[in-house]
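Take a look at the structure below.
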Amino acid sequence: LPPASDGAAGGAAHGFRVPAAFRVWDIIGEAWDLVRPHMVRLGVMCALPLLPSVIPVVGGIISAFLMGPAYVAIYRTVLRMMDGEAPRVDALFRFDARSVQGLQAALPTGIGSVIGFLLCIVPGVILALMWSVTYARLADSPADDFWSAMKRSAELTEGYRFRIFLLYLAFLPLQVLGLLAFCVGWFVVAAVQLTAMALVYRFLLAQEAARRGAVRA
2 LPPASDGAAG
12 GAAHGFRVPA
22 AFRVWDIIGE
32 AWDLVRPHMV
42 RLGVMCALPL
52 LPSVIPVVGG
62 IISAFLMGPA
72 YVAIYRTVLR
82 MMDGEAPRVD
92 ALFRFDARSV
102 QGLQAALPTG
112 IGSVIGFLLC
122 IVPGVILALM
132 WSVTYARLAD
142 SPADDFWSAM
152 KRSAELTEGY
162 RFRIFLLYLA
172 FLPLQVLGLL
182 AFCVGWFVVA
192 AVQLTAMALV
202 YRFLLAQEAA
212 RRGAVRA
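In this note's numbering, the protein residues as written are 2 to 218.
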């Protein structure tokens with residue numbers, strides 16, 4: 002399926018609806034409903050890029066190298082899942098121009114956030130929230146390179162960053178519970194969190210389209 006264009010709700014023909022309001026637990030509930038039928042596949046997709054990290058030092062570097070392209074692949078899978086397409090684990094192994102942009106995005110977003118955290122924590126949080134839908138944008142828009150996707154993320158999240166922060170906070174106890182479930186549950190929680198952020202991305206596009214429509218009217 003082709004990526005959804007800016008402002009398109011996406012998925013309406015398949016029963017999926019963009020959230021009408023940004024309510025943290027409603028978004029998490031919607032994300033769980035989307036993930037639940039495919040939790041094994043999506044959990045595996047979240048786990049595979051982290052497998053090299055079991056190797057001391059070198060493994061962590063390899064996983065960090067893989068995460069950018071992996072995020073693009075997972076978001077592309079989730080966005081298509083919202084539009085009615087069943088997720089496929091082998092999508093994780095598709096390396097294309099979007100994957101390259103994901104790899105390039107990992108460097109400035111990762112380094113910028115780390116520097117921000119080292120400076121005073123708050124700047125790092127702000128940068129992470131600004132760029133929180135960068136990978137969803139890369140997965141959704143073939144026209145964007147990593148830098149324009151980062152700028153687009155900053156535009157879309159403006160005015161909603163505190164609510165996105167609350168969404169991330171809400172996932173912290175769920176991640177702890179996932180770790181307690183023999184760590185396997187953590188990967189399912191990760192799939193739900195990425196799906197929730199894909200929902201947020203579609204919500205932000207819809208809100209922007211509504212604002213533009215109001216201005217034109």
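Quick reminder that beta carbons are idealized off the backbone N, C-alpha and C, glycines included.
Which of helix, strand or coil DSSP assigns to Ala-10: Bear in mind that a pLDDT of 44 at Ala-10, under 50, signals an unreliable position, so the number given afterwards is only what the model happens to contain. Three-state DSSP puts Ala-10 in coil, outside helix and strand.
Rounded C-alpha distance that separates Ser-100 from Leu-67: Spanning the two alpha carbons is a distance of roughly 9 Å.
Residue environment, Ala-144, which counts as buried when at least 16 other CB atoms sit within 10 Å: A residue is called buried when at least 16 other Cβ atoms come within 10 angstroms of its Cβ; Ala-144 does not meet this threshold and is exposed.
Buried or exposed by the 16-neighbour rule on C-beta atoms within 10 Å, applied to Ala-14: Since pLDDT at Ala-14 reaches only 40, below the 50 mark, its modelled position is unreliable, and the value read off the structure follows with that caveat. Residue environment: Ala-14 is assigned as exposed (fewer than 16 neighbouring CB atoms within 10 Å of its CB, all protein chains considered).
Cβ-based burial, Trp-187 [other Cβ within 10 Å; buried from 16]: Classified as buried, Trp-187 has 16 or more neighbouring CB atoms from the shown chains inside 10 Å of its CB.
Val-134 (DSSP reduced to helix, strand or coil): Reduced to three states, the DSSP call for Val-134 is coil.
The segment 54-61 touching the segment 206-217, judged by at least three CB pairs closer than 8 Å: When Cβ pairs closer than 8 Å are counted between the two stretches, the segment 54-61 is seen not to touch the segment 206-217, the count staying below three.
Same chain, Cβ closer than 8 Å to Gly-8, five either side skipped, listed in chain order: Because Gly-8 sits at a pLDDT of 43, beneath the cut-off of 50, its placement in the model cannot be relied upon, and the following sentence gives the value as read from the coordinates. Excluding positions up to five away in sequence, the list reads Leu-206, Ala-207, Glu-209, Ala-210 and Arg-213.
Rounded separation between Leu-139 and Leu-167 - CA only: Straight across, the Cα-Cα distance linking Leu-139 with Leu-167 is about 24 Å.
Per-residue DSSP class, three states only, for Val-185: Under the three-state reduction of DSSP, Val-185 is assigned to helix.
Ser-142, DSSP secondary structure in three states: Note: Ser-142 maps to coil in three-state DSSP.
Range of the contiguous alpha helix (DSSP H) that encloses Pro-70: Run containing Pro-70: 59-83, per the alpha helix (DSSP H) assignment.
Beta-carbon proximity check, Ala-197 vs Ile-62, cutoff 8 Å: Their beta carbons are not under 8 Å apart, which means Ala-197 does not touch Ile-62 by this criterion.
Of the residues Ser-154, Arg-162, Gly-160 and Gln-194, the one placed nearest Leu-173, counting alpha carbons only: Here the closest residue by C-alpha is Gln-194.
Integer Cβ distance of Ala-71 from Pro-50, believed to fall under 8 Å: Right, their Cβ atoms sit about 4 Å apart.
Spatial neighbours of Thr-78 in its chain, beta-carbon cut-off 6 Å, leaving aside the 5 residues before and after: Only Pro-88 and Ala-92 meet the Cβ criterion.
Length of the line joining the Cα atoms of Leu-170 and Asp-97: When the Cα atoms are used, Leu-170 and Asp-97 turn out to be separated by approximately 33 Å.
Neighbour flag for Leu-205 against chain C, beta carbons, 8 Å: Chain labels in this structure do not include chain C; a single protein chain is all it has.
Beta-carbon contacts of Ser-154 that lie in its chain and below 7 Å, excluding the five residues immediately before and after: So the list reads Met-131, Trp-132, Ser-133, Val-134, Thr-135 and Arg-138, once near-sequence residues are dropped.
Contacting residues, own chain, Cβ-Cβ under 6 Å from Ala-21 (five flanking each side not counted): Cβ within range, chain order: n/a, list empty.
Burial state of Arg-24 (16 or more Cβ within 10 Å): A residue is called buried once 16 or more other Cβ atoms fall within 10 Å of its Cβ, and Arg-24, having fewer, is exposed.
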